[in-house]
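According to our numbering, the sequence shown holds residues 2 to 239 in order. Read the structure below first, then the notes.
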Amino acid sequence: AQIALEKGFDGVDINMGCPDKSVFNRSGGAGLILQPKLAKEIILSVKKAIKEGIKKLNIKKDITISVKTRTGYKIPETKEWIGSLLEAEPNVICIHARTFAQKYSGLADWSQIGIAADLAKNTKTKIFGNGDIKSRQQALERIKEYNLAGVLIGRGALGNPWIFKGIIPTTEERFMVLLEHCKKFTEFFPTADLSIMRKHLAWYVKDFPHAAEVRNELMQINSIDDVKKILSRIQVVP
Ligand SMILES: Cc1cc2nc3c(=O)[nH]c(=O)nc-3n(C[C@H](O)[C@H](O)[C@H](O)COP(=O)(O)O)c2cc1C
Numbered sequence: 002a003q004i005a006l007e008k009g010f011d012g013v014d015i016n017m018g019c020p021d022k023s024v025f026n027r028s029g030g031a032g033l034i035l036q037p038k039l040a041k042e043i044i045l046s047v048k049k050a051i052k053e054g055i056k057k058l059n060i061k062k063d064i065t066i067s068v069k070t071r072t073g074y075k076i077p078e079t080k081e082w083i084g085s086l087l088e089a090e091p092n093v094i095c096i097h098a099r100t101f102a103q104k105y106s107g108l109a110d111w112s113q114i115g116i117a118a119d120l121a122k123n124t125k126t127k128i129f130g131n132g133d134i135k136s137r138q139q140a141l142e143r144i145k146e147y148n149l150a151g152v153l154i155g156r157g158a159l160g161n162p163w164i165f166k167g168i169i170p171t172t173e174e175r176f177m178v179l180l181e182h183c184k185k186f187t188e189f190f191p192t193a194d195l196s197i198m199r200k201h202l203a204w205y206v207k208d209f210p211h212a213a214e215v216r217n218e219l220m221q222i223n224s225i226d227d228v229k230k231i232l233s234r235i236q237v238v239p
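Here it is in structure tokens:
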């Protein structure tokens, strides 16, 4: 946590939701759902470290401590699990409304997020809901319905960063952002292979004639030039 402060970050997010087996088996991520006492101790020690770090580094801004988690291990245990986390008073709890066992299957059970929001009502902890949000409109509805501080959008933003503004981009805009994404990727990972980006690029390509063919072609690219060649052949009709 102190390293995060030294590097100038605004907060520390503690992952108590990752369902990956290797993480879970080491009591990391969602593994902490089975160890509520340890989870609480982690939050408290991060809080202590942040408090000390703020003093030591003379930081003037607020630093947010958040926990990202799920609703339970095999079945939702929201009352017990979130109730226990609330005792450690993190600033924010973000809840992906699936259990560990569900991984990404089935549907997110938003009624559990409602239960968590009720539990947190008279506390200082803000609740953010997460799971299966497909549009800005839906996000706003969920915030209102469950009385939340906000929601998190994951897969709904893949190839669709416009979801946050709630706008439908033109095909031209999609291509521009797709290319920008490629450029940012190569700036950020100069030695990485652009083929890693193939599926991400394909997610941008939809809602125009022959989009499926273009997606197939993008699944073969190895360079930005390959991407440009494919896009330049497509006549964009605004
Ligand atoms: C490929 C992938 C990677 C993810 N990595 C993280 C992560 O590093 N930390 C985290 O808190 N959640 C991670 N998540 C979970 C998402 O934050 C989110 O909880 C989940 O996808 C459900 O939300 P969604 O339906 O909006 O996608 C990941 C999800 C996916 C699909």
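Just so you know, even glycine gets a beta-carbon here, dropped at the ideal spot from N, CA and C.
Name, in chain order, the residues that DSSP records as bridge partners for residue i.
{"i": "PRO77", "result": "GLY73"}
{"i": "MET17", "result": "THR70"}
{"i": "THR65", "result": "GLY12"}
{"i": "LYS22", "result": "BP columns for LYS22 are empty, so no partner."}
{"i": "LYS153", "result": "Per the sequence shown, residue 153 should be read as Leu rather than Lys. DSSP output for LEU153 lists ASN131 as bridge partner(s)."}
{"i": "HIS97", "result": "ARG71 and ASN131"}
What do you reckon, are the CB atoms on residue i and residue j nearer than 9 Å?
{"i": "ALA40", "j": "ALA2", "result": "no"}
{"i": "VAL66", "j": "ILE15", "result": "It should be pointed out that residue 66 corresponds to Ile in this sequence rather than to Val. A contact, by the Cβ cut-off of 9 Å."}
{"i": "LEU87", "j": "LEU35", "result": "no"}
{"i": "LEU33", "j": "CYS95", "result": "no"}
{"i": "HIS201", "j": "LEU159", "result": "yes"}
{"i": "ARG199", "j": "LEU219", "result": "yes"}
{"i": "PRO37", "j": "SER85", "result": "yes"}
{"i": "GLU90", "j": "THR126", "result": "yes"}
{"i": "ALA118", "j": "ILE134", "result": "no"}
{"i": "TRP111", "j": "TYR147", "result": "yes"}
{"i": "THR70", "j": "ALA102", "result": "no"}
{"i": "ILE225", "j": "THR192", "result": "no"}
Taking only the alpha-carbon atoms, compute the straight-line gap between residue i and residue j and give it to the nearest angstrom.
{"i": "TRP82", "j": "ARG137", "result": "29 Å"}
{"i": "LEU6", "j": "VAL206", "result": "39 Å"}
{"i": "ILE169", "j": "ASP208", "result": "10 Å"}
{"i": "VAL24", "j": "GLY18", "result": "10 Å"}
{"i": "VAL178", "j": "ARG143", "result": "28 Å"}
{"i": "ILE222", "j": "LYS184", "result": "14 Å"}
{"i": "ASN131", "j": "ILE44", "result": "21 Å"}
{"i": "ASP11", "j": "ALA150", "result": "18 Å"}
{"i": "ASP21", "j": "VAL13", "result": "21 Å"}
{"i": "VAL68", "j": "VAL93", "result": "6 Å"}
{"i": "ASN26", "j": "ASN59", "result": "38 Å"}
{"i": "PRO77", "j": "ILE116", "result": "11 Å"}
Taking 6 Å as the limit between beta carbons, can you name the residues of its chain near residue i, skipping five residues before and five after?
{"i": "THR72", "result": "THR79, ALA98, THR100 and GLN113"}
{"i": "GLY167", "result": "ARG137"}
{"i": "ARG216", "result": "ALA203 and VAL206"}
{"i": "VAL228", "result": "CYS183 and ILE222"}
{"i": "ALA140", "result": "ILE134 and VAL152"}
{"i": "ARG175", "result": "TYR205"}
Starting from the C-beta of residue i, find all residues in its chain whose C-beta is less than 8 Å away, skip the five residues before and the five after it, and write them out in chain order.
{"i": "VAL1", "result": "The chain is shown only over 2 to 239; residue 1 falls outside these bounds and no answer can be derived."}
{"i": "SER28", "result": "LEU35, GLN36 and LEU39"}
{"i": "LYS104", "result": "PRO20"}
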